[in-house]
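Student:
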Amino acid sequence: MRPFELLLCGMVVFGWSTSWLPLKSQLGVVAPEVSLLWRFLIAASVMFIVSIYLRQSLRFDWRTHLRIALLGLCIFSTNFAFFYHGGKGVASGLLAVVFSSASLVNVLMIAGLGRARPRLAHLLAAAVGLSGVVCLFWPELQVSDAAMTSLGLCLIGTLFFCTGNMVSADCQKRGIPVFASTSWGMAYGACYLALFSFVSGHEFIIEPTQTYIFGLLWLALVSSVMTFAAYLSLLGRIGASRAGYATVIFPVFALLISTIFESYVWSGLAFTGLALVIFGNVIMIRAR
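In numbering that gives the first Met the number 0, the protein residues as written are 0 to 287.
Quick look at the structure:
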C-alpha cells in the first residue's frame with residue numbers, strides 16, 4: 000500500500016479500536032437510545048456538510064428514501080442500540096470482537112436467505128471465527144449471567160448490521176452516493192431513536208460530565224464520521240478484500256485498551272479465542 004493508503008488504514012484501525020471504551024462511558028445515567036440520538040444528530044449534521052462539500056446530491060425520490068430509511072433502521076439505530084445494551088455486562092474489547100465477526104455472519108445470512116451458495120472456505124471461516132468468539136466469552140460466561148445476555152444482544156446487533164450492509168450494497172448498485180445516503184441514514188436513525196425514546200418515556204438529557212461529553216463527541220466525530228470516511232476512501236483505493244484486513248487488526252487493539260483501562264484479564268482460552276477470530280477473518284478475506 001502507498002503511504003496515504005497506510006494512513007487511511009491506520010485511521011480505520013484507530014477509530015474502530017477506540018470506539019468501544021467511550022461507548023461504555025455512555026451507559027448509566029442517560030438511556031442508551033438517547034445517547035445514540037445525540038451521537039447521530041451530531042454525526043448526521045457533519046455528514047450532510049461533507050456531502051454538500053463533495054457536491055453529492057441530497058435529493059432522492061421516495062423509493063430511494065425508503066431504502067435509506069431501512070438502512071438507518073438497521074445500521075444507525077437498532078444495531079448500535081443492541082451493542083450499547085450489550086456493553087453493560089462485559090469488557091468493551093469483547094464487544095469489538097463480536098462486531099469483527101460481521102463478515103462471518105454475513106456469509107451465513109446470505110446462505111440462509113438462499114441468495115448464494117457459500118463456498119467451503121466461507122463456512123470454515125465462519126465456524127472458526129465464531130468458535131473464537133465463544134472461547135473469548137467463555138470465562139465471562141462462567142462467572143456472570145450478564146455475559147450471556149451481552150453476547151446475545153451483540154450478536155443480534157451484528158445481524159442488524161449485516162442486514163444493513165445488504166441494504167447499503169443494494170443502494171450502491173443503484174448508484175446512490177454513499178456519503179449522501181449515509182447522511183440521510185444517520186438522520187433517519189436519529190428519528191427512530193427519538194421516537195422510541197419518547198414512547199419509552201426516556202428523559203432527553205445529557206450527563207453533564209467530562210467523561211460522558213468527551214465520549215459522545217468521540218463516538219460522533221471520530222467513530223462515526225472520520226472512521227467511516229476513511230474506510231470508504233480505503234475501499235475505493237484498494238478494494239474490499241484488502242481493506243477488510245482492518246477488521247482483523249482492530250479487535251486486538253480494542254482488547255489491549257480493555258486490558259489497560261478495564262483490567263481485562265487474559266487467559267489461555269482468551270488468547271486461543273482471539274487467534275481463532277483473527278484466523279477466521281483472514282480465511283474469509285482471502286476467500287473473497
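Heads up, the beta-carbon is just placed ideally off N, CA and C, and yes, glycines get one too. Note that the structure is a prediction, hence the values are computed from the model and not measured.
Do you know offhand how far Ala245's Cα is from Met108's?
Tutor: 22 Å
Student: Which residue from Leu216, Arg116, Phe195 puts its Cα closest to that of Ile205?
Tutor: Leu216
Student: Among Arg236, Val221, Gly156, Pro21, which one has its Cα closest to the Cα of Ile41?
Tutor: That would be Val221, whose Cα lies nearest to the Cα of Ile41.
Student: Check whether the Cβ atoms of Leu254 and Gly92 lie closer than 8 Å to each other.
Tutor: yes
Student: Once you ignore the five residues that flank Ala179 on each side, which residues in its own chain have a CB closer than 6 Å to its CB?
Tutor: Ser50, Gln55, Leu57
Student: Give me the Cα-Cα distance between Ala146 and Ser223, rounded to the nearest whole angstrom.
Tutor: Ala146 and Ser223 have their alpha carbons spaced roughly 26 Å apart.
Student: Output needed for Val166: all residues of its chain with C-beta closer than 7 Å, excluding positions within five of it in sequence on either side, in chain order.
Tutor: Arg66, Leu69, Leu70, Cys73
Student: Is the stretch 145-159 touching the stretch 81-96 in the sense that three or more CB pairs, one from each, lie closer than 8 Å?
Tutor: yes
Student: In whole angstroms, what is the alpha-carbon distance linking Ala269 and Gly88?
Tutor: 17 Å
Student: Quick one: using the 10 Å Cβ neighbour count with 16 as the cut-off for buried, is Lys23 buried or exposed?
Tutor: buried
Student: Does the stretch 115-134 touch the stretch 96-106, meaning 3 or more C-beta pairs lie closer than 8 Å?
Tutor: These segments touch.
Student: Output the residue ranges of the alpha helix (DSSP H) runs that lie fully inside the stretch 150-207 and measure 4 residues or longer, sorted by chain position.
Tutor: 177-199
Student: DSSP state of Arg285, grouped into three classes?
Tutor: helix
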